[in-house]
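Numbering (this note's numbering), first residue to last: 288 to 335. Don't be surprised by glycine CBs; every beta carbon is placed ideally from N, CA and C. Some notes on the structure that comes next.
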Amino acid sequence: MKKMTKKSTNSVLPAFVASPFTVDLQKKNKEAIQLFKKKWRWKKRAQK
């Protein structure tokens, strides 16, 4: 019985730790893409 509870907490813990991290990563990724698009548009405008 003790082994089972330890196993369940071990599987829950990484998921709990990973979820805010992945959300933060997605946010940063979105911001980076938006920045890249802005720079790309500006470069296109400068070429005209």
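query	result
D311 to Q334 span [Cα, whole Å]	35 Å
Distance, S306 Cα to F323 Cα	26 Å
K325 to K314 span [Cα, whole Å]	17 Å
Euclidean distance between Cα positions of F308 and I320	18 Å
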